[in-house]
Amino acid sequence: MDFDDLCNTGLVLGLGNSSSSSSPKNHTKKDDHVRKAAEPSLTLNLSDVKKDDSDLYRQDSAASSFSTVSVKREREVRSEDEDEDGPNGRKKLRLTKAQSALLEESFKQHSTLNPKQKQDLARELKLRPRQVEVWFQNRRARTKLKQTEVDCEFLKKCCETLTDENRRLHKELQELKLAQPLYMQLPAATLTMCPSCERIGGAAADNAAKTSFVTKPHFYNPFTNPSAAC
DNA sequence: TGGGTCAAGCTGAGAA
DNA sequence: TTCTCAGCTTGACCCA
Numbered sequence: 001m002d003f004d005d006l007c008n009t010g011l012v013l014g015l016g017n018s019s020s021s022s023s024p025k026n027h028t029k030k031d032d033h034v035r036k037a038a039e040p041s042l043t044l045n046l047s048d049v050k051k052d053d054s055d056l057y058r059q060d061s062a063a064s065s066f067s068t069v070s071v072k073r074e075r076e077v078r079s080e081d082e083d084e085d086g087p088n089g090r091k092k093l094r095l096t097k098a099q100s101a102l103l104e105e106s107f108k109q110h111s112t113l114n115p116k117q118k119q120d121l122a123r124e125l126k127l128r129p130r131q132v133e134v135w136f137q138n139r140r141a142r143t144k145l146k147q148t149e150v151d152c153e154f155l156k157k158c159c160e161t162l163t164d165e166n167r168r169l170h171k172e173l174q175e176l177k178l179a180q181p182l183y184m185q186l187p188a189a190t191l192t193m194c195p196s197c198e199r200i201g202g203a204a205a206d207n208a209a210k211t212s213f214v215t216k217p218h219f220y221n222p223f224t225n226p227s228a229a230c
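Just so it is clear: in the first sequence, position 82 is 82 by the UniProt record's numbering, and no numbers are missing.
1) Using the three-state DSSP reduction, which class does R94 fall into: helix, strand or coil?
2) Rounded to whole angstroms, what is the Cα-Cα separation between L102 and L127?
3) Assuming contact is defined by CB atoms lying nearer than 8 angstroms, are R130 and S111 in contact in what I supplied?
4) Select from L176, L125 and K92 the residue whose C-alpha is nearest the C-alpha of S100.
5) Cβ atoms of K118 and E133: under 8 angstroms apart, would you say?
6) May I have a chain-ordered list of the alpha helix (DSSP H) segments no shorter than 4 residues that lie completely inside the stretch 95-132?
7) Within a Cβ cutoff of 7 angstroms, which residues of the same chain sit near W135, ignoring the five residues on either side of it in sequence?
8) By the three-class DSSP mapping on this structure, what secondary structure does N26 have?
9) Suppose you measure from the CA of K97 to the CA of V150; what does that come to, to the nearest Å?
10) Does Q180 come out as helix, strand or coil in the three-state DSSP assignment?
11) Go through its chain and collect everything with a Cβ distance to A109's Cβ below 6 angstroms, but skip five positions before and after it.
12) Is the CB-CB distance between L93 and S106 below 8 angstroms?
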């Protein structure tokens, strides 16, 4: 992959701080803990799913998403029949290989789900729609993170390439400065051209000519010598 | 035991 | 108002 290839991939990276308000600014961990202490955990493990699957399905059909209201509703439902993990128990659900495979397969087809797809998938997996939804959300987050890492690596390489290129060009410039005739190094404003013979002239070039290898200088400076043509 | 992974919690934003 | 999403965080679990 050459430099052009690197720079023409069209990849865009947003690495900056998330300016979105997603970071819980007004929401402290203390608040969380207070809330958690007051409210039972919502987590459900597989045994739970098996145990009260049908009940949960009914609940989720009515509230397929966890808005504030539906969260509370489900929490209430959960707290009613939650007893084995205690009020603050939070058993971690591990998806089976088959479940993960099916979810992955589904994710490959579409990274977001509409409510119908979510319900169907949840039924198929014997999970709650909410769990399917969460899995997709986390999966999208993982994908994005991975892509960010890839983009970051790409940008690093790009930066290295540009640095090398910059170094090389600087070196080349130095070499050119040493190699070319002295008058070529003069600022363009000091050089003029004789309109009749089209030779380069100018006061500075005059000085340069004395020391350079320009054998027969023919200078024309319209400012110092406007009437004198060649 | 510390670090990594991941399901699930929370919040705010935006769309319908 | 409700739903869905992104982003951040927590806590359970696993492994070197």
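Cβ coordinates follow ideal geometry from the N, Cα and C atoms, glycine included.
According to the data block:
1) coil
2) 12 angstroms
3) In this structure, R130 lies away from S111, with their beta-carbon atoms at least 8 angstroms apart.
4) L125
5) K118 is positioned such that its CB atom lies closer than 8 angstroms to that of E133.
6) As far as the stretch 95-132 is concerned, its whole alpha helix (DSSP H) runs of at least 4 residues are 97-109 and 115-125.
7) The residues are L103.
8) Confidence is the limiting factor: at N26 the pLDDT is only 35, short of 50, which leaves the residue's position unreliable, though a coordinate-based value still follows. Residue state, collapsed to three classes: coil.
9) 27 angstroms
10) In the structure shown, the three-state DSSP call for Q180 is coil.
11) The identity of residue 109 in the sequence shown is Gln, whereas the question assumes Ala. Closer than 6 angstroms at the Cβ level, and outside the excluded window around Q109, lies no residue.
12) 8 angstroms or more divides the Cβ of L93 from the Cβ of S106.
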